[in-house]
Structure formats: C-alpha cells, structure tokens
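Notes to accompany the following structure.
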Amino acid sequence: MSSLETASVATTSAPPLVTPDGRYIVVRGRLWRRSNSGLDDQQRKALTDELMSARRAVGAALRARDEVALAAARTRVHDAKVALSERGPVWWIDGTPDQNRRMAWNTVYADWYAALGSKA
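Numbering (this note's numbering), first residue to last: 22 to 141.
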C-alpha cells in the first residue's frame, strides 16, 4: 500500500478493555498504551483535540494526494501522541517495561486476559 492509499478503519461501539493497572487498552487482543494518567483534564483535552485535528489532516492529505501535507500531518499525529505519552518513553516510573503493540497473551497480562474468556 502506498502512503497515499487509505486503509480500512474498524469501528466499534463498546469501549476497549483496559488493563488492571490502567496502562493499556486492548484492541483485538493487542495492547495499546494509554495516555499519561498524570495529565490534568485541560492538558489531556488540548492534546487530544490536536491529535484528532492532525488525524483529520492526514485524511485530507490522503484524499488530496498531497505528500507534503501528509508528511506534516503525520508529524503532528506523532508529536501529539508523544505529548500524550502514547509513544516515546513510558509515563510510569516503576521500571516496568513497555508492552505496547504486543499481543496481550504474550505479555505479563496473559493470565488476566485469558481469565476474561469470551469478554475479550
């Protein structure tokens, strides 16, 4: 797929599962790091608004087939995710390694995830 082709987007109405420690959401069995729980509501809202705006800009650039705008929009998405601590260094301080983007059953959350059974 070229950088200007769009990928299909899955939608769901149910909120994603959250690991017991609140560090990750689980989507189709994969862990995705949540934003820093230490951000205040105003910071989180501003950063989330920027992330959503940047994602819309990615879509607009894809539709316009504008490589320059696409690169700029993807940089904005990345920067917002780093500011939210969804990418980059982990936001917790207990030394636990990052499990981001790993399948839940291959992580320290395997027993918890297995116990969910059909709910997962």
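C-beta: ideal position from N, C-alpha, C; glycine also. Small disclaimer: the values here were computed from a predicted structure and weren't measured.
Annotation: Asn127 to Ala136 spans about 14 Å, alpha carbon to alpha carbon. Taking C-alpha positions only, Gly50 is separated from Ala75 by approximately 26 Å.
Under the three-state reduction of DSSP, Leu52 is assigned to strand. In the displayed model, Leu60 falls within coil according to three-state DSSP, outside both helix and strand. Taking a C-beta distance under 8 Å as the contact criterion, Leu52 and Leu105 do not qualify as a contact pair. Where Trp133 is concerned, the enclosing alpha helix (DSSP H) starts and stops at Ala131 to Leu137.
Leu91: member of the alpha helix (DSSP H) spanning Glu88 to Ala104, first to last residue. Across the structure, Arg95 and Arg54 are spaced so that their CA atoms are roughly 18 Å apart. DSSP places Val111 outside both helix and strand once states are collapsed to three, so it counts as coil. DSSP lists no bridge partner for Leu68.
Annotation for Leu38: Val47 place their beta carbon closer than 6 Å to its own, counting only its chain and skipping 5 residues before and after.
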